[in-house]
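> In my numbering, the protein residues as written are 5 to 170.
Handing you this structure, nothing more for now.
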């Protein structure tokens with residue numbers, strides 16, 4: 005099952021990235037090359053995706069990720085870009101590493117939250133520690149050494165990570 009999921013996602017990504025060349029959606033050569041590359045990627049990543057591969061085919065999860073990417077994640081990136089620009093212009097930078105407490109249940113949730121934090125300018129997830137229920141984040145302007153929740157560093161990302169990573 006994990007091979008099929010990786011194959012489908014790789015092929016769809018290939019189609020999205022190659023659409024519109026030569027005046028038509030896809031040429032025969034592009035489709036054949038996409039099938040070959042998707043097969044290779046599916047075969048080589050089948051053990052990485054694992055037994056829970058079916059969740060990637062769930063249309064509700066796909067819509068949830070799209071809503072998250074277009075809404076909260078994009079807005080968080082806009083706010084972080086403006087904040088970093090302000091801090092660079094004014095020189096009000098106080099960098100440091102903070103321990104951010106989180107309430108997550110599995111590796112997928114930690115991955116979603118860590119990547120979301122890292123994608124926003126001014127923050128970089130250094131380590132995820134499920135044993136401590138925490139992330140260690142390098143932050144451009146530390147206001148609290150140990151925040152009480154992830155809200156200060158990650159905004160609503162933890163709530164979305166919890167929902168999307170189930």
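Cβ atoms here follow ideal geometry from the backbone N, Cα and C, with glycine treated the same way.
Could you check how far apart the C-beta atoms of residue 103 and residue 140 are, in whole angstroms? I think they sit under 8 Å.
Confirmed, Cβ separation roughly 6 Å.
> Name the DSSP bridge partner or partners of residue 103?
140.
> Can you tell me which of the three DSSP states residue 170 falls into?
Coil, per DSSP.
> So who's on the other strand from residue 131, going by DSSP bridges?
Looking at the DSSP assignment, residue 131 forms a beta bridge with 140.
> Use the C-beta contact count for residue 116: other C-beta atoms within 10 angstroms, 16 or more gives buried, fewer gives exposed.
Buried: at least 16 other Cβ atoms inside 10 Å.
> For the structure I just gave you, are there three or more beta carbon pairs, one from the stretch 66-73 and one from the stretch 33-53, closer than 8 Å?
Cβ pair count under 8 Å is below three, so no.
> Near residue 128, which residues of its chain fall below 6 Å by C-beta distance, leaving aside the five closest residues on each side in sequence?
These residues qualify, in order along the chain: 122, 142.
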